[in-house]
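Working notes, structure below.
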Amino acid sequence: CMAEYLGLYEYDRSEPLNPVVSKSWESEGYVAYKLYYRSVAGQTVPAVLTVPKGGEPPHPCIVFLHGYGGRKEDGLKLADVFSAHGYAVFSIDAPFHGERSEPGRVLYSPDLEEFKANVVQTVLDLRRGVDFLETRDEVDSRRIGYGGGSMGGIIGALFVSVEPRIKAAVIVVGGGNLPLMIRESRHYSTPPIRARLEKLGITYEELGEILAPIDPLNFIHLFSPRPIQFHCGLYDDIVPAETQRQLAEKAGEPKEVYWYEAGHGIPPEPMLKRVLTFFDKHLKGEGS
């Protein structure tokens, strides 16, 4: 069963990436490159790579995936903070987001087969992104971490579990147990899915079987013994707090789990400090 699930995330690494990279702009702390590379299923993935101006290359790098309805440029907020600490940041547009938007198409599709295919595609797009990072002299491919929130935490938890080149991961308001999430979430993407389930007479138990191959709850144990850090919202009703608790609980050691008196938006101040300390320790070997 598990072997079959894992097979979904395998791909031919020898396929050409055909990257097209252009230096796009500079901020105070980094140089940004806009790029496109080839993923599986004939998809082209738009991405941004920011390389810090300070510090010695090759730099540790954080792979970032935005939330639902977001885009790769959301990673620039992270780059503003992290480039000052010597980190490169790599951020992609997920399917049907940013430059990949298509009228009437959504990643969390009420068509469950499409929903599954979209999640698998996103994971493979991120894996191919790591392939790209391995070709860059500015990036130390032995020191790649992951950070993502909301959809970027859910799909990110799945991605890091099947991608051994990720050395440390931070999951923000990400959850597992997709049937529970779909049933309880107040996110705008969920009513059409619930309506479809009702129309087809699919129970939440059956939904669990259908979505098992993409549910991070079934994969997160594979990330151990690599270090993972969770930031969870006690009152979150978008990625329901219970789904966050289950994912964090299912993760192996070493892990850090922080709960905040918050909903779907975690207060950035205490969180960023913890995230930086975590990556500095596990990607740079600094601190205790």
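Going by the numbering used here, 178 is the number at position 159 of the sequence shown; the sequence numbering is gapless. Heads up, the beta-carbon is just placed ideally off N, CA and C, and yes, glycines get one too.
Item: C-beta contact flag for Val-276 and Val-192 at 7 Å; Value: no
Item: Val-142 and Tyr-28 closer than 7 Å at C-beta; Value: yes
Item: Continuous beta strand (DSSP E) stretch holding Phe-298: start and end; Value: Here Phe-298 belongs to no beta strand (DSSP E); instead the alpha helix (DSSP H) covers 287-303.
Item: Bridge partner(s) assigned by DSSP for Arg-57; Value: Thr-63
Item: Spatially closest choice to Ala-22 from Ile-185, Phe-242, Val-181, Gly-227, by CA coordinates; Value: Val-181
Item: For His-78, the three-state DSSP class (helix, strand or coil); Value: strand
Item: Per DSSP, cross-strand counterpart(s) of His-250; Value: Val-191, Tyr-277
Item: Residue interval of the beta strand (DSSP E) (run including Tyr-165); Value: 158-168
Item: Anticipated Cβ contact below 8 Å, Arg-184 with Val-149, distance rounded; Value: 5 Å
Item: Extent of the continuous alpha helix (DSSP H) to which Ala-107 belongs; Value: From DSSP, Ala-107 is part of no alpha helix (DSSP H) but of the beta strand (DSSP E) over 107-111.
Item: Bridge partners - Ser-41, DSSP secondary structure assignment; Value: Lys-53
Item: Sub-7 Å separation of Leu-266 and Ala-260 beta-carbons; Value: no
Item: Within 7 Å, strictly: CB atoms of Gly-94 and Val-108; Value: yes
Item: For Leu-230 and Leu-199, believed in contact at Cβ under 8 Å, the rounded distance; Value: Going by Cβ atoms, the distance from Leu-199 to Leu-230 rounds to 11 Å, so no, they are not a contact pair.
Item: Distance, Lys-218 Cα to Ile-163 Cα; Value: 44 Å
Item: Lys-42 Cβ short of 6 Å to the ligand PLP heavy atom set; Value: As far as ligands go, the structure on display features none, and thus does not contain the ligand PLP.
Item: Residue nearest to Pro-273 in terms of C-alpha spacing, selected from Lys-292, Cys-251, His-301; Value: His-301
Item: Cross-strand partners of Thr-69 (DSSP beta bridge); Value: Ala-51, Val-108
Item: Expected contact under 8 Å - CB spacing of Arg-202 and Tyr-223 to nearest Å; Value: 6 Å
Item: DSSP beta-bridge partners of Phe-83; Value: Ser-110, Gly-166
Item: Ordered list of alpha helix (DSSP H) runs contained in the stretch 196-220, each at least 4 residues; Value: 197-203, 209-219
Item: Which of helix, strand or coil DSSP assigns to Ile-257; Value: coil
Item: 8 Å CB neighbourhood of Gln-140 in its chain, flanking five on each side removed; Value: Ser-58, Val-59, Ala-60, Gln-62, Pro-114
Item: Distance CB(Lys-91)-CB(Val-64) smaller than 7 Å; Value: no
Item: Inter-stretch contact at 8 Å, needing at least 3 Cβ pairs: the stretch 130-138 / the stretch 228-244; Value: yes
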